[in-house]
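Numbering-wise (this note's numbering), the sequence shown opens with residue 1 and increments by one.
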Amino acid sequence: MDALTESALNARRNAHAPFSHFQVGAALEDDTGRIHTGCNVENATYGLTVCAERVAVFKAISEGARKFTRIAVAADTDVLTPPCGACRQILWEFCGDVELILVNPRGKTETFRLKDLFPRPFDASFL
Ligand code: THU
Numbered sequence: 001m002d003a004l005t006e007s008a009l010n011a012r013r014n015a016h017a018p019f020s021h022f023q024v025g026a027a028l029e030d031d032t033g034r035i036h037t038g039c040n041v042e043n044a045t046y047g048l049t050v051c052a053e054r055v056a057v058f059k060a061i062s063e064g065a066r067k068f069t070r071i072a073v074a075a076d077t078d079v080l081t082p083p084c085g086a087c088r089q090i091l092w093e094f095c096g097d098v099e100l101i102l103v104n105p106r107g108k109t110e111t112f113r114l115k116d117l118f119p120r121p122f123d124a125s126f127l
């Protein structure tokens with residue numbers, strides 16, 4: 001398992017998921033090779049919950065990173081957990097057609113391009 005998927009699995013351990021008990025980790029690699037991690041952070045008003053992917057993206061942007069090469073998403077499911085619709089939109093906005101690696105704690109992985117999971121996206125080109 002490579003450093004990016006290991007980082008996503010490690011970040012998952014920090015998940016704050018007292019309501020769903022569904023822990024997710026994400027690790028986003030920028031064009032300098034730096035890895036930015038995130039985990040899901042839930043809230044008692046459930047709608048304020050932020051997914052692991054968005055935490056990783058916003059942390060990276062706030063640190064000055066702007067170009068991204070890969071993102072790994074870790075959850076403990078046998079059918080590997082993909083990003084939700086809102087996260088696909090955010091990933092498209094900041095990462096474009098990024099490589100997306102799904103992983104579980106037993107080392108199962110699957111790799112996609114974002115455009116295959118998020119066809120015909122809305123983006124700034126329409127504005
Ligand atoms: N969740 C993520 O963090 N990322 C995903 O890709 C799917 C869902 C979180 C949100 C919530 O805390 C929990 O998983 C259950 O939906």
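Each residue gets a CB set at the ideal place from its N, CA and C atoms; glycine is no exception.
None of these values were measured; they are calculated from a predicted model.
Quiz item: Using the C-alpha atoms, what's the distance from glutamine 23 back to serine 7?
Solution: The residue given as residue 7 occupies position 7 in the sequence shown. The residue given as residue 23 occupies position 23 in the sequence shown. Between serine 7 and glutamine 23, the C-alpha separation is close to 14 Å.
Practice problem: Please list, in chain order, all residues of the same chain as glutamate 42 whose beta carbon is under 7 Å from its beta carbon, the five residues on each side excluded. | Solution: Translated into the one-based positions of the sequence shown, residue 42 becomes position 42. These residues qualify, in order along the chain: His16, Ala17, Pro18, Phe19, Ser20 and Thr49.
Quiz prompt | Proximal residues to threonine 109 (C-beta, below 7 Å), its chain only, five neighbours per side dropped | solution = Counted from its first residue, the sequence shown places residue 109 at position 109. Cβ neighbours of threonine 109 beyond the five flanking positions: Thr5, Ile101, Leu102 and Val103.
Quiz item: In its own chain, which residues sit with a C-beta less than 8 Å from the C-beta of phenylalanine 122, not counting the 5 before and 5 after it?
Solution: In the sequence shown, counting from the first residue as 1, residue 122 sits at position 122. Once the five neighbours on either side are set aside, the close Cβ partners of phenylalanine 122 are Gln89.
Quiz item: Going by DSSP, what residues sit across from aspartate 128 in a beta bridge?
Solution: Outside the displayed span of the chain (1 to 127) sits residue 128, for which this structure offers no information.
Quiz item: Hey, valine 98 and arginine 70 are a contact pair by Cβ (cut 8 Å); roughly how many whole angstroms apart?
Solution: Against the sequence shown, residue 98 aligns to sequence position 98. Against the sequence shown, residue 70 aligns to sequence position 70. That pair is a contact at about 6 Å.
Quiz prompt | Endpoints, beta strand (DSSP E) assigned at glycine 38 | solution = Reading the sequence shown from its first residue, position 38 is the one you call residue 38. Here the beta strand (DSSP E) through glycine 38 covers 35 to 39.
Quiz item: Is the beta carbon of glycine 96 sitting closer than 8 Å to the one on alanine 52?
Solution: As a first step, residue 96 must be located in the sequence shown, where it is residue number 96. As a first step, residue 52 must be located in the sequence shown, where it is residue number 52. No, these two residues do not count as a Cβ contact at 8 Å.
Exercise. Determine the extent of the beta strand (DSSP E) in which phenylalanine 112 is found, giving its start and end residues.
Key: Start at 1 with the first residue of the sequence shown, and residue 112 comes out as number 112. Element bounds for phenylalanine 112: 109 to 113.
Practice problem: Determine the closest residue to cysteine 84 out of Ala44, Asn10, Phe58 and Leu114, with distance taken between C-alpha atoms. | Solution: Position 84 of the sequence shown, counted from the first residue, corresponds to residue 84. The shortest C-alpha separation from cysteine 84 is found at Leu114.
Quiz item: Exposed or buried, glutamate 29, counting other C-beta atoms within 10 Å across all chains shown (16 or more means buried)?
Solution: Translated into positions along the sequence shown, residue 29 becomes position 29. Buried, because 16 or more other Cβ atoms sit within 10 Å of the Cβ of glutamate 29.
Practice problem: Rounded to whole angstroms, what's the CA-CA distance from valine 57 to arginine 66? Just pull it up for me. | Solution: Counting from one through the sequence shown, the residue named residue 57 turns up at place 57. Counting from one through the sequence shown, the residue named residue 66 turns up at place 66. Each residue's Cα considered, the two are about 10 Å apart.
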